[in-house]
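Number 232 in the UniProt record's numbering belongs to position 232 of the sequence shown; there are no gaps in the numbering.
From the three backbone atoms N, C-alpha and C, an ideal C-beta is built for every residue, glycine too.
As the structure is a prediction and not an experimental result, all values here were calculated from the model.
In what follows, a single structure is set out as structure tokens and then discussed.
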Amino acid sequence: MLICGFAGSGKTMIAVEKATRLTKQGFRTLLVCYNRFLAQDLRQRLYSQERLTISTFHEVCLRFSPQAGLTIPEEATESNDYYSHFLPHTLLEALNRIQIRYDAIIVDEGQDFLDNWWTPLQLLLADPDQGILYIFYDDNQCLYGHAPLLPLQGPPYLLTINCRTTKRIHEQIVHFYQGASTPIARGPDGTPVEFLIYERKEALQETVMRLVLKLTEEDHIPPEANLVLTPYSRKKSWLKAEQPAMGPGLDWNPSSSRQARLATIHSFKGLERPVVILVELERWLTQGVKGVELERLLYVGCSRARNYLLVLLPEKHAQEILPKFQPKQAVQILQENREIGQNGEESDQR
């Protein structure tokens, strides 16, 4: 069965519920996704479930290979197609040697699965033709350069109600949404999306740290409820882990409740936080990312937020980026930020 849903429509929640019910009915069930952070989150939620395996697709490949007596050459791990082709092919070989199978498979974030992954995944079913297979997906969240070609026939069941965000955040997400149905928001009105402009890239780290401090002290939002999202990995991002002696810190792998989390937009698909701060978007523009690819990136990034969404923009690129979010209000937002600066206040303050 195919289930297609707008961001925040409850796809993961329903997938979890379906997996739980199947295991309670005695079915040996695999709940599989692409994102390792999502898999970790699902394991924490369902750690006590018997007959339930929660894994990323590549973890499945790596788990079955040694059981089948297959060794992965070290040079294979360095090839460009290691994840896209080598591991799925290895899983196919493993399934020819071992008898381990599942009664049911639940796929979350199915839009991220490549076409050649579906055959080994379906062969993991005890009955590949009649076995239980649910695929949850959102084709607006395709960030890996391919459109999903799903293995099941027939129209999908559509989830069109946004259960995650406020109406103000929903309005922003819909601006980047391309789909046949019009999603509906059922949350509270909430506060407007905030656009904060800072002077130069060197000021980004300090701007983020002061913003998290303000959210903690003035808005009484716990540091761990704040998520700073960037398109870039830890190695490429301008943001670094930082823990002041006093006040909240910032880290890619938070180890305490005193730290806000840094993450990539790609890695946080399927997950959410009360507060999301989007940063470094201008770097994608300067590298030629535009059109549908950029809109999908912004769609995924904005839809991680439940209650508050803040977008940090460098002054140099604000005039170029703002119209992509608020085409009708871009000039007004820029003017308001200029007036704040002229009044002697920090232009990057809320």
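With respect to the C-alpha of T77, the residue from F86, V107, L31 having the closest C-alpha is F86.
In this structure, D103 lies near I132, with their beta-carbon atoms less than 8 Å apart.
A distance below 8 Å separates the beta carbons of K167 and G187. Rounded to the nearest angstrom, the gap between the Cα atoms of P223 and P192 is 21 Å. Here DSSP, grouped into helix, strand and coil, assigns T23 to helix. Rounded to whole angstroms, the gap between the alpha carbons of L159 and A7 is 9 Å. Excluding sequence positions up to five before and after I14, its CB lies within less than 8 Å of the CB of I3, F136, L159, all in the same chain and listed in chain order. When the alpha-carbon of Y82 is set against those of L62, L227, Y232, the nearest one is in L62.
As computed with DSSP, R273 is found in a beta bridge with A305. Taking 8 Å as the cut-off, the Cβ atoms of E280 and P231 count as close. Listed in chain order, the non-local C-beta contacts of A185 below 6 Å within the same chain comprise N162, K167, H170, local neighbours out to five positions each way being set aside. Distance from the CA of A260 to the CA of L309, rounded to the nearest whole angstrom, comes to 15 Å. Between the region 293-313 and the region 236-250, the count of Cβ pairs shorter than 8 Å is below three; the stretches do not touch. In the structure shown, the three-state DSSP call for Q130 is coil.
Boundaries cannot be given for A203, as no alpha helix (DSSP H) includes it and DSSP labels it neither H nor E. The continuous beta strand (DSSP E) containing I106 extends over residues 104-107. Inclusion of P88 and P66 in the CB contact set at 8 Å is not warranted, their separation being larger than that value. Within its own chain, the residues whose Cβ lies closer than 6 Å to the Cβ of M1, once the five positions on either side in sequence are excluded, are Y134, listed in chain order. When the beta-carbon positions are compared, R304 and F268 come within less than 8 Å of each other. Across the structure, T20 and Q49 are spaced so that their CA atoms are roughly 7 Å apart. Taking the CA atoms as reference points, Q205 sits about 17 Å from R258. In the three-state reduction of the DSSP assignment, L149 falls in the coil class, being assigned neither a helical nor a strand state. Annotation for F325: the continuous alpha helix (DSSP H) segment containing it runs 315-325. In the three-state reduction of the DSSP assignment, F113 falls in the coil class. For S9, there is no enclosing beta strand (DSSP E), as DSSP marks it with neither H nor E. Annotation: C61 is outside any beta strand (DSSP E); the continuous alpha helix (DSSP H) that includes it extends over 57-67. Burial state of T71 is exposed, judged by a 10 Å Cβ sphere holding fewer than 16 other Cβ atoms.
One Cα belongs to G270, the other to M246, and the distance between them is close to 32 Å.
Following the DSSP letters along the chain, one finds I72 in no alpha helix (DSSP H), marked with neither H nor E. In this structure, the straight-line span from the alpha carbon of W284 to that of H220 is close to 33 Å. Only residues of its own chain outside the window of five on either side were considered, and among them I106, Y134 have a CB closer than 7 Å to the CB of K18, listed in chain order. Between the C-alpha atoms of R164 and V275 there is a straight-line separation of about 12 Å. Per DSSP, the continuous alpha helix (DSSP H) segment holding E171 begins and ends at 167-175. If you look at Q259, you'll find it in the beta strand (DSSP E) that goes 259-264.
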